[in-house]
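Structure first, commentary second.
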Amino acid sequence: MTTPFHYSTTYILDKDHFSETFDESSKKNDSVFVYGKSMGLLLLGFAILYFSDILPYAAWFIVVLGVVDALSIYFRKPWWLVRQMISSEANLEITLTIDNTGIGSKSHKISSKIAWSDISHIEKTVRGWLIHHSAGRTYLSAGCLSDKAIEFVNNQAK
């Protein structure tokens, strides 16, 4: 019989935490094909502008839409960070609990618990873990954990 494990700590959902979360959990795709929709919108807008009698306002709207889409891809991380920092969860103090039943997080606005049985697999990253579970993916930073908690999560990942 194993002894029950319980670890609890608090951290702040600040810009550094969100930046680490983005870096460790986003899928990096540097190919030119991610700009396909942007290029399509640009070409469609210019084609409507030059080969059609439709009002040029609609064509220029489609061209600008293509530019905005391309900028949102190019500046993906800053765009995501700004959205997180203006959300209601920004700068909240989170209490993280890791025990034999699962991983829980709680603040005065949110409360969630991921049971170990709901986790399909745990993927080790450079600075933490990506936890794949029935509701999606969650990032757990190793920066706020003790050595025993890190060892416990690593054992659960096996």
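Residue numbering for the sequence shown follows this note's numbering, beginning at 308 and increasing consecutively.
Glycine included, every Cβ here is placed at the ideal spot set by N, Cα and C.
**Cβ-Cβ distance between I319 and E400 below 8 Å** = Yes, the Cβ-Cβ distance between I319 and E400 is below 8 Å.
**Asked** Where I361 and K344 are concerned, what is the direct C-alpha to C-alpha distance, given to the nearest angstrom?
**Response** 22 Å
**Asked** Going by beta carbon distance, what residues of the same chain come within less than 6 Å of L452, once the five residues before and after it are set aside?
**Response** none
**Prompt:** Closest by CA to S424, which one among Y446, I438 and S414?
**Reply:** With distances taken between Cα atoms, S424 lies closest to I438.
**Item:** Buried or exposed (CB count within 10 angstroms, at least 16 for buried), F382
**Value:** Answer is exposed; the Cβ neighbour count stays below 16.
**Message:** Measuring CB atoms only, is the stretch 441-451 touching the stretch 318-335, in the sense that at least three cross pairs come out at less than 8 Å?
**Reply:** yes
**Prompt:** Whose C-beta lies closer than 6 Å to the C-beta of I410 among residues of the same chain, with five residues either side of it excluded?
**Reply:** I421
**Request:** Check whether the Cβ of G343 sits closer than 7 Å to any heavy atom of the ligand NAD, and report yes or no.
**Result:** Among the ligands in the structure shown, none appear at all, so the ligand NAD cannot be discussed.
**Message:** For Q463 and I380, I'd like the C-alpha separation in whole angstroms.
**Reply:** 35 Å
**Asked** Buried or exposed: which applies to D321, given that a residue is buried once 16 or more other Cβ atoms fall within 10 Å of its Cβ?
**Response** Result: exposed.
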